[in-house]
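Position one of the sequence shown corresponds to residue 33 (this note's numbering), numbered consecutively onward. Built from N, CA and C at the ideal position, the CB exists for glycine as well.
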Amino acid sequence: MQLGALEAGGTKMVCAVGDENGTVYEQTAFPTRTPEQTVPEMISYFRDRDIDALGIGCFGPVELDEASPHYGTITSTPKTAWQNYPMAETFARALHCLVGFDTDVNAAVLGEVTFGRARGMECAVYLTVGTGIGAGIYVNGGLLHGMMHPEAGHVPVRRRSGDTYRGGCPWHDCCLEGMASGPAIEERWGCPAARLADRPEVWELEADYIAQALTGYILTLSPQVIVLGGGVMQQRQLFPLIRDNVARMLGGYLQAEALRHMEDYIVPSALEGRQGILGCLELARRKAAGPEKGENGTKI
Ligand code: ADP
Ligand code: ZN
């Protein structure tokens, strides 16, 4: 089966063609300008490649309710040109193929459970810590949607004593994204995160906020593994700090075997940034397979 994958981001649109085994035959990227400029470029790319289905992992928030007339649109993005843009429908009509559609981070967690560190697991969380913070959540063999989709990057965190940074989220006083995103680190410390590698206090604080959120996810969702990605997580010294903080915050309450092996429980992605595009291939495969054979929310 020849599958298309589109990882739709705020700065670039990554387009790829591959198969259900996660082999990517070719890949390209178009800068994200306006839909009028960028969508025709992507359509002509896929049109030349004869795909059976397309999977789109999209920046959001997006509408995922298939019963809604707005299904497959980007809803309230600050990128105003893309507001209410009907992504799924536009590609389905232009390419005459089935289109699987989800958030970028849900695509990434799908990549991880299909091909990466969460392979074969029924419940997993993927958290990206970059320009923004977002989580993809996979539960009981399907991507979590619910009321809309998780926005777990905005969970409240408790401000650590001595941290005077006011937070960078326009909606929330003290949420994970506002306190711990790449731009928040830069604003708090006055220097890009990548240049703060040798400042332990930066990463101790960062690990505390990330661990607060992960502790909440663990207690609520009971994931079998948590995969962390995004630019900020290139600071590998964060991993042991986060694991120690999570163990402390859980307070020994959960007696799960997985938590005895924290180095295998809270892990970096092993897919080297390809989790999103591989997840889009799997979104396409599941859509083509239909509801009985593993489309979102149904077990294979
Ligand atoms: P995006 O979230 O925009 O898709 P990234 O995941 O690459 O992109 O995240 C970009 C953010 O990550 C920026 O705020 C940048 O400062 C931060 N970042 C990038 N590289 C590093 C690094 N090596 N160490 C720490 N922070 C980094
Ligand atoms: Zn917020």
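Task: Beta-carbon proximity list for tryptophan 221, same chain, < 8 Å, skipping 5 on both sides - done: Residue numbering aside, residue 221 sits at position 189 when the sequence shown is read from its first letter. Excluding residues within five positions, the ones whose Cβ falls inside 8 Å are Leu228, Arg231, Val234.
Task: Test item, CB below 7 Å from any non-hydrogen atom of ligand 2 - done: His186, Cys201, Trp203, His204, Cys207, Glu209, Gly210
Task: Local conformation of valine 141 per DSSP, three classes - done: Locating residue 141 in the sequence shown gives position 109, counting from the first residue. Here valine 141 sits in helix by DSSP.
- [ ] Could you tell me the distance, in whole angstroms, from the CA atom of asparagine 138 to the CA atom of isoleucine 242?
- [x] For the purposes of this step, residue 138 is taken as the residue at position 106 of the sequence shown. For the purposes of this step, residue 242 is taken as the residue at position 210 of the sequence shown. Distance between the alpha carbons of asparagine 138 and isoleucine 242 is about 19 Å.
Open item on the list: On the DSSP letters alone, give me the boundaries of the beta strand (DSSP E) that phenylalanine 62 sits inside.
Closed with: The residue you call residue 62 lines up with position 30 of the sequence shown. Per DSSP, phenylalanine 62 belongs to the beta strand (DSSP E) from 56-63.
- [ ] Compare the C-alpha of leucine 303 against each of Leu130, Asp134, Leu96, Gly262 and name the closest.
- [x] Within the sequence shown, the letter at position 271 stands for residue 303. Checking every option, the nearest Cα to that of leucine 303 belongs to Gly262.
TODO: Tell me, please, whether the segment 272-289 touches the segment 101-110 by the rule of three or more beta-carbon pairs shorter than 8 Å.
DONE: no
TODO: Could you tell me if the beta carbon of glycine 262 falls within a distance shorter than 7 Å of some heavy atom in ligand 1?
DONE: Counting from one through the sequence shown, the residue named residue 262 turns up at place 230. Glycine 262 Cβ: within cutoff of ligand 1.
Task: Whole-number beta carbon distance between threonine 135 and histidine 186, since they are thought to touch under 8 Å - done: In the sequence shown, the residue the question calls residue 186 occupies position 154. In the sequence shown, the residue the question calls residue 135 occupies position 103. Rounded, the Cβ-Cβ distance is 13 Å, inconsistent with contact.
Open item on the list: Please return the same chain residues whose Cβ sits closer than 8 Å to the Cβ of methionine 119, not counting the five positions on each side in sequence.
Closed with: Your numbering for residue 119 matches position 87 in the sequence shown. Same-chain partners within the cutoff: Ala40, Ile88, Cys90, Val94, Gly104, Thr105, Ile106, Phe133.
Open item on the list: Would you say the beta carbon of glycine 214 is closer than 7 Å to some non-hydrogen atom of ligand 1?
Closed with: Counting from one through the sequence shown, the residue named residue 214 turns up at place 182. Flag set: Cβ of glycine 214 near ligand 1.
TODO: Pull up the distance between the alpha-carbon of glutamate 314 and that of phenylalanine 78, whole angstroms please.
DONE: Taking the sequence shown and counting its residues from 1, one reaches residue 314 at position 282. Taking the sequence shown and counting its residues from 1, one reaches residue 78 at position 46. Cα to Cα, glutamate 314 sits roughly 17 Å from phenylalanine 78.
TODO: May I have the straight-line CA-CA distance separating arginine 149 from leucine 251, to the nearest angstrom?
DONE: Position 117 of the sequence shown holds residue 149. Position 219 of the sequence shown holds residue 251. The alpha-carbon atoms of arginine 149 and leucine 251 are separated by roughly 21 Å.
- [ ] Would you mind reading off the limits of the beta strand (DSSP E) that contains aspartate 171?
- [x] Numbered from its first residue, the sequence shown carries residue 171 at position 139. Inspection of the sequence shows that residue 171 is occupied by valine rather than by aspartate. 165-171 is the extent of the beta strand (DSSP E) around valine 171.
Open item on the list: According to DSSP, simplified to helix, strand and coil, what is isoleucine 83?
Closed with: Position 51 of the sequence shown, counting from 1, holds the residue named residue 83. In the structure shown, isoleucine 83 sits in coil (DSSP, three-state: anything other than H, G, I, E or B).
Task: Environment of methionine 179 [buried if 16+ CB atoms lie within 10 Å] - done: Sequence index remark: in the sequence shown, residue 179 carries index 147 (1-based). The residue in question, methionine 179, is exposed, as its Cβ has fewer than 16 Cβ neighbours within 10 Å.
- [ ] Could you give the DSSP three-state label for tyrosine 262: helix, strand or coil?
- [x] As a position in the sequence shown, residue 262 is number 230, starting the count at 1. Looking at the sequence shown, residue 262 is not tyrosine but glycine. In the structure shown, glycine 262 sits in coil (DSSP, three-state: anything other than H, G, I, E or B).
Open item on the list: Nearer than 7 Å: is that true of the beta carbon of glutamate 218 relative to any heavy atom of ligand 4?
Closed with: Judged by which ligands are present, ligand 4 is missing from the structure shown, whose ligands are ligand 1 and ligand 2.
- [ ] Grab the span of the beta strand (DSSP E) containing isoleucine 309 for me, first residue to last.
- [x] On the sequence shown, residue 309 is found 277 positions in, with the first residue counted as 1. No beta strand (DSSP E) holds isoleucine 309; the alpha helix (DSSP H) holding it covers 307-321.
- [ ] Would you check if the distance between the CB atom of methionine 45 and the CB atom of threonine 66 is smaller than 8 Å?
- [x] The sequence position of residue 45 within the sequence shown is 13, counting from 1. The sequence position of residue 66 within the sequence shown is 34, counting from 1. No, Cβ-Cβ distance for methionine 45 and threonine 66 is not below 8 Å.
Task: Where aspartate 230 sits in the DSSP three-state scheme - done: As a working mapping, residue 230 is identified with position 198 in the sequence shown. Coil, per DSSP.
Task: leucine 253 versus Glu238, Tyr57, Leu175, residue with shortest Cα-Cα distance - done: Position 221 of the sequence shown, counted from the first residue, corresponds to residue 253. Per the Cα distances, Leu175.
Task: Residue burial classification, threonine 55 (beta-carbon count within 10 angstroms, cutoff 16) - done: Locating residue 55 in the sequence shown gives position 23, counting from the first residue. Looking at its Cβ environment, which holds fewer than 16 other Cβ atoms inside 10 Å, threonine 55 is exposed.
TODO: Under the assumption that glutamate 209 contacts isoleucine 165 (Cβ atoms under 8 Å), give the Cβ distance between them as a whole number of angstroms.
DONE: For the purposes of this step, residue 209 is taken as residue 177 along the sequence shown, with counting starting at 1. For the purposes of this step, residue 165 is taken as residue 133 along the sequence shown, with counting starting at 1. Glutamate 209 to isoleucine 165, Cβ: 4 Å. Contact.
TODO: Decide if the segment 282-299 is in contact with the segment 199-207; the criterion is three or more beta carbon pairs, one per stretch, under 8 Å apart.
DONE: no
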